[in-house]
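There are 2 protein chains.
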Amino acid sequence: MRLVIATCSVDYSGRLTAHLPMAPRLLMVKADGSVLIHADGGSYKPLNWMSPPCKLVVDDDIWSVTNKAGEELRITLKEIHSDTAYELGTDPGLIKDGVEAHLQELLAEHVQTFGEGFTLVRREYPTAIGPVDLLCRDADGKHVAVEIKRRGEIDGVEQLTRYVELLNRDPLLAPVRGIFAAQLIKPQAQFLATDRGLECVTVDYDLLRGMESDVLRLF
Amino acid sequence: MRLVIATCSVDYSGRLTAHLPMAPRLLMVKADGSVLIHADGGSYKPLNWMSPPCKLVVDDDIWSVTNKAGEELRITLKEIHSDTAYELGTDPGLIKDGVEAHLQELLAEHVQTFGEGFTLVRREYPTAIGPVDLLCRDADGKHVAVEIKRRGEIDGVEQLTRYVELLNRDPLLAPVRGIFAAQLIKPQAQFLATDRGLECVTVDYDLLRGMESDVLRLF
DNA sequence: TTATAAATGTCGTCC
DNA sequence: GGACGACGTTTATAA
């Protein structure tokens, strides 16, 4: 990794065109040739960048970074304040502990969240257009398809609509109702879901987790 | 901006929990206190980070970065290979061109792009499921909803479908047709749009911008 | 402050 | 390589 502190201007031409006036910044050149231009503030997103795979060509005080798609990042250097390089090696990588998968797991074990007498048919119930998060039966034995999101937005309602429509074509399952479950459901999604005849359930993740703890505490 | 090359392990605890095993990495500490941890590869996204506003507390070989929401980024340092700091000042910022807002602006002023005799009713026409980019009337005075994208993909067609369906329920507006306008329309989006009875218009951004220049040149 | 849509989104996964 | 969905999405903008 090469780190250059330099006063520079930058022009990007690709999916859009963008320009950075002359100012002091950090240029980070990674081992794969990618380049990031950071200011001393903002967030983790660089002011400008070129993602790998790409190629850096240095011609005097002009750096030109290009990729296969014909995008170009052109850096014009006025003054270099520092220029250092380090060998870091490949990173072992990040270990994550997920959230959404866990939410589905918890709800699968507590389908009564959706109503008295609910039972689980199966998780990830397969269909031609992808798996339904949960397929349940209500107290009357009727099928219910459940789509689970952390945040309920319009896309999720569309997804559930497609599932319910498809499942209702199966005479062994029909009639199938749909429940849209999320930690937070946005007003527009709520409107669309209601308009489509789908029910909305707001899920309390911490409460569910608490129920899980209670179950564990019994042993 | 402080740049530290160090062998470290990292633990994040907040919206999820994540862990980075001990390895050499770049730690970037910005003037606002935010911290980025970069490996020598990947893209512009750091392996881990804390966004401002946040506070960094250094206790010997443990760095703890916390924010108001109670999230914590804990960095355990084993060995520091380099530690430097620079004063960059505030950045003048990025100037962008070619974004969707500008495209909408240009099309709003040149609705005849969609057909002879087109007039604009209004931009961002409000509905219960969100604003329609452009609502126009054609030469016959019939309403036309226009959805504008930089790149026309399936989700944009879905969006327009919803708008047209909703607008057609309003007897004051019906019948409403839909036009899907984009700089580039993907074949799948084109197919779906046609299947839904929506028209597709490919927009030449540079041409539109040229027309704008022509108008300006008259003054 | 809150909510909503765009993003040079990025990133994984599946096909 | 393309399509699809999640993301500690982040970011900008309007209400």
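Chains as they are written, first to last, in the UniProt record's numbering: chain A, 1 to 219; chain B, 1 to 219. Even glycine gets a Cβ: it sits at the ideal position worked out from N, Cα and C.
### Task
List the whole-angstrom C-beta distance separating R25 of chain A from A85 of chain A, where the pair is believed to meet the contact cut-off of C-beta under 8 Å.
Not quite, the Cβ-Cβ distance comes to about 17 Å (not below 8 Å), so this is no contact.
### Message
Is the separation between the beta-carbon of H19 of chain A and that of I185 of chain B shorter than 7 Å?
### Response
No.
### Task
Can you grab the Cα-Cα spacing for the pair T50 of chain B / R15 of chain B, in whole Å?
Residue identity check: residue 50 of chain B is Met in the sequence provided, not Thr. When rounded, the distance between both Cα atoms is 12 Å.
#### Entry: Close beta carbons around V65 of chain B, own chain, < 6 Å, minus the five adjacent residues each side
Excluding residues within five positions, the ones whose Cβ falls inside 6 Å are V35, M50, C54, L56, L73.
### Task
Can you give me, in chain order, the residues of the stretch 95 to 110 of chain B that have a beta carbon less than 8 Å from any beta carbon in chain A?
I95, K96, D97, G98, V99
### Straight-line gap, R169 of chain B to V176 of chain A (C-alpha atoms, nearest Å)
26 Å
### Query
What's the gap between the Cα of R123 of chain A and the Cα of E100 of chain A?
14 Å
### Message
So within the stretch 88 to 112 of chain B, which uninterrupted beta strand (DSSP E) runs reach at least 3 residues, ignoring any that extend past its ends?
### Response
95 to 97
### Message
Helix, strand or coil for M22 of chain B? Go by DSSP, reduced to three states.
### Response
strand
### Query
Closer than 8 Å, Cβ to any Cβ of chain A: which residues of the stretch 41 to 65 of chain B, in chain order?
G41, G42, S43, Y44, K45, P46, L47, N48, W49, S51, P52
### Message
Which residues in chain A have a C-beta closer than 8 Å to the C-beta of I129 of chain B? List them in chain order.
### Response
I154, Q188, F191, L192
### Task
Identify, in the order they occur along the chain, each residue of the same chain with its Cβ nearer than 8 Å to the Cβ of A139 of chain A, setting aside the five sequence neighbours on each side.
G115, E116, G117, F118
### Query
Hey, A181 of chain B and V203 of chain B: beta-carbon distance below 7 Å or not?
yes
### Three-state class that DSSP yields for L192 of chain B in the structure shown
helix
### Query
From A:A31, A:P52, A:Q159, pick the residue whose C-alpha is nearest to that of G70 of chain A; which is it?
A:P52
#### Entry: Sequence-distant residues of its chain with Cβ nearer than 6 Å to L88 of chain A (five each side left out)
M1
### Task
Tell me, please, whether the stretch 3 to 11 of chain B touches the stretch 195 to 211 of chain A by the rule of three or more beta-carbon pairs shorter than 8 Å.
no
### Query
Pick from B:L173, B:L77, B:Y12: whose alpha carbon is nearest that of L47 of chain B?
Looking at the Cα atoms, B:Y12 is the closest of the given residues.
### Query
Relative to the alpha-carbon of E153 of chain A, which residue among A:L173, A:V201, A:P92 has its alpha-carbon at the smallest distance?
A:V201
### Query
So, L166 of chain A versus T194 of chain A, is the Cβ gap smaller than 7 Å?
no
### Message
Comparing C-alpha positions only, which one of A:L198, A:N67, A:R162, A:E109 sits nearest to I179 of chain A?
### Response
A:L198
### Task
Would you tell me roughly how many angstroms separate the C-alpha atoms of Q188 of chain A and S82 of chain B, rounded to the nearest one?
51 Å
### Message
Let's test the definition: count the other Cβ atoms within 10 Å of the Cβ of L172 of chain A and tell me whether it reaches 16, buried, or not, exposed.
### Response
Exposure of L172 of chain A is indicated by the presence of fewer than 16 other C-beta atoms within 10 angstroms of its C-beta.
### Task
Taking only the alpha-carbon atoms, compute the straight-line gap between M22 of chain B and T76 of chain B and give it to the nearest angstrom.
8 Å
### Message
Counting only beta-carbon separations shorter than 7 Å, does Y86 of chain A have a partner in chain B?
### Response
yes
### Query
Is it the case that the Cβ atoms of D133 of chain A and V146 of chain A are separated by a distance below 7 Å?
yes
#### Entry: C-beta neighbour in chain B for I5 of chain A, strict 7 Å
yes
### Message
Would P126 of chain B pass as an interface residue toward chain A - the criterion being a Cβ-Cβ separation below 7 Å?
### Response
no
### Message
Measuring straight from C-alpha to C-alpha, what distance separates I148 of chain B and K68 of chain A?
### Response
27 Å
### Query
Are the beta-carbon atoms of M39 of chain B and D59 of chain A separated by less than 7 Å?
Note on residue identity: the sequence assigns Ala, not Met, to residue 39 of chain B. Their beta carbons are not under 7 Å apart, which means A39 of chain B does not touch D59 of chain A by this criterion.
### Query
Comparing alpha-carbon positions, which option in A:L135, A:R151, A:Q104, A:V10 lies nearest D61 of chain A?
A:V10
#### Entry: Contacts that K30 of chain B makes with chain A (C-beta to C-beta distance below 7 Å)
D40, G41
### Message
Going by beta-carbon coordinates alone, are D32 of chain B and G130 of chain A separated by less than 7 Å?
### Response
Between D32 of chain B and G130 of chain A, the C-beta gap is not smaller than 7 Å, which leaves the two residues out of contact.
### Task
State the start and end residues of the unbroken alpha helix (DSSP H) segment that holds I154 of chain A.
154 to 167
### Query
Shortest alpha-carbon distance to K30 of chain A belongs to which of B:S43, B:K30, B:L27?
B:S43
### Message
Under DSSP, the beta strand (DSSP E) around G178 of chain B begins and ends at which residues?
### Response
176 to 185
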